[in-house]
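Read top to bottom, the protein sequences are chains A and B.
Residue numbering for the first sequence is 31 to 186, as defined by this note's numbering.
Residue numbering for the second sequence is 3 to 747, as defined by this note's numbering.
Glycine residues also receive a C-beta, built at the ideal position from the N, C-alpha and C atoms.
Quick notes on the structure that follows.
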Amino acid sequence: MPRLRISLTINGEPRETDVWGGESLLYALRERLDLPGSKNACEQGECGSCSVLLDGVLVCSCLVLAAQADSHEVTTVEGLGAADDLHRVQEAFVAAGAVQCGFCTPGLVVATADLLERVPAPSDDEIREALSGNLCRCTGYQKIFDAVRLAAGIDA
Amino acid sequence: MSATRPKIKARPPTRPRLGKIGESVPRSDGTPKVMGEFAYASDLHAADMLWGHTLRSPHAHARIAEIDISQAVGMPGVHAVLTHADVPGRKTYGLEFTDQPVLAIDRVRYFGEPVAVVAAEHPEQARRAAEAIRVVYELLEPVADPERATEMEPLHPDRPTMGHGYRDDPRSNVVRHMVIRHGDPETAGDVTVDGVYEVGSQDQAFLGPESGLAIPDGEGGVDIYVATQWLHVDRDQVAPCLGLTVEQVRVHLAGVGGAFGGREDLSMQIHGALLALHTNRPVKFVYNREESFTGHVHRHPAKIWCEHRATRDGRITCVRMRILLDGGAYASSSTTVTSNAASFALGPYRVDNALIESTSVYTNNPPCGAMRGFGAVQTCFAAEAQMDRLAAELGIDPVELRLLNALAPGDYLPTGQLIDGALPTAEVIRRAAALEPPAPEGFPRDPIRLPGGAGNTTRGAGVHRGVGFAVGFKNICYSEGFDDSCAARVQLYADGSATVHCAATEVGQGVTDVILQVARTELGTDRITLAPHTTATVGSAGSASASRLTWMVSGAVRDACRAALEEQERREGGEVDVERVHHHRPTTPLDPETGQITGERAHVALAVAAMRAVVEVDIDLGLTRVVWVGTAQDVGKAINPQAVHGQIEGGTAQGLGLALMEEIQTRDGRIVNASFTDYLIPTALDMPPVTVVLVEDPEPDAPYGAKGVGEPPAIVSVAAIAAAVRDATGRALTRVPIRADDICL
Ligand code: FES
Ligand code: FES
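Encoded structure:
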């Protein structure tokens, strides 16, 4: 299959890879760049499990062609925190019990980090609206809301 | 904003608290999951790996005249194209009956049935090669209407489910037909209410698509890493089809992105292993969402005819119910769902006389099998609607009517089984009824809080509030004589630390932490390592289903820990390695003619939940919004209260989905909404706050008194939310999911 080479910055590091023209950014991250943290629950832009920041803007990486990300900057869930230095959103998700199977979690963590960056103390409606593009089948969302409030330092 | 934008300041890391039984402990897999480092089945990678793809039938019912793979095999990157002719062992498999072809042989019976598999270097090459396979189909009339299935040509002329101790039913396409005859079903009442109810087919819609990696071992055997619910039963189904011994097939748990029953049946296991053995390369499968919708079984659509009779003062005298379940093309677990639907059809109420008839049929609709609630969801919806009708007819408060008839220890199930464990029906009813819903909110308000959300243009003019109440129950653990067991192995070292082996599948429910909490409690140490979940080092754990795993795993790990301590003491120290298999008390089958128990019990234990739901309905637009849910659930003992709350909230969300939005839609057997664009599951905007009360009434026979908790919320919430919408609209609403035009046309 014909290949093209792309260069981009991922989680602060310059990266290069060959991709096939039809591949999504999600596929390139997961299968070519060894960053499988972003998930592939629908690959149709409906579930948010693949959420990443592209030049600081929250996007579904399944809807972005890998080739479109050439020369751009991408932040994935892997870039948010480290095991001994979790991002406060990651820490809150664990503490609040917002993780069950966890397949939605990377996308929700990225979306929540993005929300709190824009709106440091969101209302409950703002939380629900901001996360309405991220499906979770396990939790019924209650503990995810708890986690967002915990990360934002809002008393429930 | 730059990609390296500064992190929101992280707080110093805290070491997760290592808790014992009864403590809310954060998940041990929480950190890798929030970091994106947890390896799900779809994340696996092996050197030299090929990608598998499945060619599926575009027809619900057809004869296969010809399969021509000649073009596909020569395409770039393609290493193998296999059909039924390449299945070296048994050509069929199945969870309970081997009625399903590994790859279609001469006939396809459902839309999406696997016909051929391909392995190629790139997933797109595999997809294109599959497209290049030429299959000549001769279309057959699909059996699409379950009510007519018994009059149609048999889809399985060899009647695979007959002759297994079930009632012999000569009619065409019957999977199982059972009758429960209890007391005198001709008993009259002062009042009678009847109704016919329907439940649409629900999809488990777990987020992690079916995926797995099969790796040949170079000696003719294979290792399969897969997201599944029961490792050992996968192995036992895979090996005969490959013509291998069970020792040659090792099944290992890969990270599971939710299950809810949909991973009880096989998906890629045999296909991946076939391709791996054929190419001598690792082969990975990842279904896309559309394929996932056709690649697993669904919740049985049901039609239920009910007649409830009661005295003037509200005591139920007799119930007659007829249940029809559409099993789809293959048996899967339909026989057990048929029986569960019947066993719990009356709800947790004392009923001395009943006639319950439950039938599942083969059709050319998508195969149905296990989904959270397992038959009890459908009948709870019908029975609870009947209780409300009865309450209205008698002029008795619906909660009072339920309390008046509440089932309790010492009473009997309609199968003649004495309830000798814990069943706090009246308690959960009282506790749920006492929960205070939030006060009604006025208008105008932010449209995000209107039925239909920001899309609602009426500003609340047609919005009515409604309150519903429901009670639901079901069994815990396997039933009807199935020998339910769970193994655990403990390696206890000289320094007191230990490794625990258990093949229980972590599907997100948190069983990993149950294992760890039990081991910490029993061994008195935090230094416990949990070995990988696999068939290779320990016996079967049984499946993550039937709300059984907490109970069974607790028993097995407890027994193994205690045995290890004893053994170590006997040997006066050193390293010991013991395996123990836990069994719950035995059950026996139901009599095939009367549906009555043949021993002391057909079910091990029961769990009950009650729920009050508040909705707002825009009766002009048919839009709904669930405002609040309050529930009290009988959990026996909460091993990890935070996780128990999570199960109840999540189960409630799935019930909300079935009540208001989720349905697999078919036309002549073909699924027409196989995407998250067309099959809607609840989002963060759809879920209301949920108030949860845990009722801890320890189950005498259960380790630590703990009952499973996953299913009751998914059962009761459908009925409670539907009742609330009825209350808001004044409409009968006998079918779920409730559609906009059911409300406003
Ligand atoms: S995988 Fe991208 S939105 Fe679902
Ligand atoms: S935790 Fe499983 S999908 Fe959200």
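Taking each of B:330, B:284, B:583 in turn and checking the Cα distance to residue 49 (chain B), the smallest one comes out for B:284. For residue 343 (chain B), the enclosing alpha helix (DSSP H) covers residues 336 to 345. Taking non-hydrogen atoms of ligand 1 into account, the C-beta of residue 70 (chain A) is found less than 8 Å away from one of them.
Per DSSP, reduced to three states, the secondary structure at residue 259 (chain B) is coil, with no helix or strand assignment.
Within the region 114 to 176 of chain B, the runs of beta strand (DSSP E) at least 3 residues long that lie entirely inside it are, in chain order, 116 to 122, 136 to 141.
Contact annotation: residue 301 (chain B) and residue 373 (chain B) have beta-carbon atoms nearer than 9 Å. Ligand 2 has no heavy atom closer than 8 Å to the beta-carbon of residue 644 (chain B). By the criterion of a C-beta distance shorter than 6 Å, residue 692 (chain B) is surrounded in its chain by 631, 651, 654, once the five residues flanking it on both sides are discounted. Scanning A:148, A:33, A:131, A:179 for the CA closest to the CA of residue 513 (chain B) turns up A:131.
In the DSSP assignment, residue 40 (chain A) falls within the unbroken beta strand (DSSP E) covering 33 to 40.
Going by beta carbons, residue 381 (chain B) and residue 484 (chain B) fall outside the 9 Å limit. Between the region 464 to 481 of chain B and the region 341 to 361 of chain B, the count of Cβ pairs shorter than 8 Å is three or higher; the stretches touch. Residue 82 (chain A) sits in a strand when the DSSP states are folded into three classes. Proximity of the beta carbon of residue 685 (chain B) to ligand 2 is not indicated: no heavy atom of the ligand is located closer than 8 Å. Taking 9 Å as the CB threshold, residue 28 (chain B) lines the interface with chain A.
Short note on residue 120 (chain A): C-beta not closer than 8 Å to any heavy atom of ligand 2.
Taking the Cα of residue 586 (chain B) as reference, the smallest distance to any Cα among B:383, B:103, B:707, B:529 is reached at B:707. Around the beta carbon of residue 667 (chain B), fewer than 16 other beta carbons lie within 10 angstroms, which makes this residue exposed.
Contact between the region 231 to 240 of chain B and the region 400 to 412 of chain B is absent, with fewer than three C-beta pairs closer than 8 Å. In this structure, DSSP gives residue 329 (chain B) an extended state, which the three-state scheme calls strand.
In the three-state reduction of the DSSP assignment, residue 729 (chain B) falls in the helix class, which pools H, G and I.
Non-local C-beta neighbours of residue 151 (chain B) in its own chain, meaning closer than 6 Å and more than five positions away in sequence, comprise 145, 175, 363, 365, ordered along the chain. Ligand 1 never approaches residue 335 (chain B) closely enough for any of its heavy atoms to be under 8 Å from the residue's Cβ.
Remark: fewer than three beta-carbon pairs, one from each stretch, lie closer than 8 Å, so the region 596 to 612 of chain B and the region 559 to 576 of chain B are not flagged as touching. Of all residues in the region 157 to 175 of chain A, those with a C-beta nearer than 9 Å to a C-beta of chain B are 157, 158, 159, 160, 161, 162, 163, 164, 165, 166, 167, 168, 169, 170, 171, 172, 173, 174, 175, reading in chain order.
Shown here, residue 287 (chain B) sits in a strand according to DSSP, grouped into three states. Counting the other CB atoms within 10 Å of its CB gives residue 747 (chain B) a total below 16, which places it among the exposed residues. Closest in C-alpha terms to residue 503 (chain B), from the list B:511, B:517, B:495, comes B:517. Taking residue 107 (chain A) as the centre and dropping the five residues before and after it, the same chain places the C-beta of 67, 136, 139, 140 closer than 6 Å to its C-beta, in chain order. For the region 449 to 471 of chain B, the set of residues with a beta-carbon nearer than 9 Å to any beta-carbon of chain A comprises 450, 451, 455, 456, in chain order. Comparing alpha-carbon positions, the option among B:203, B:114, B:634, B:662 lying closest to residue 627 (chain B) turns out to be B:662.
Inter-segment contact for the region 271 to 286 of chain B and the region 28 to 42 of chain B is absent: fewer than three beta-carbon pairs are separated by less than 8 Å. Taking the CA atoms as reference points, residue 390 (chain B) sits about 37 Å from residue 126 (chain A).
The beta carbon of residue 656 (chain B) is closer than 6 Å to those of 716 in its chain, skipping five residues each way along the sequence.
Within the region 72 to 84 of chain A, the residues whose Cβ lies closer than 9 Å to any Cβ of chain B are, in chain order, 72, 73, 74, 75, 76, 77, 79, 83, 84.
Nearest neighbour of residue 42 (chain B) by Cα position, chosen from B:82, B:405, B:739, B:508, turns out to be B:508.
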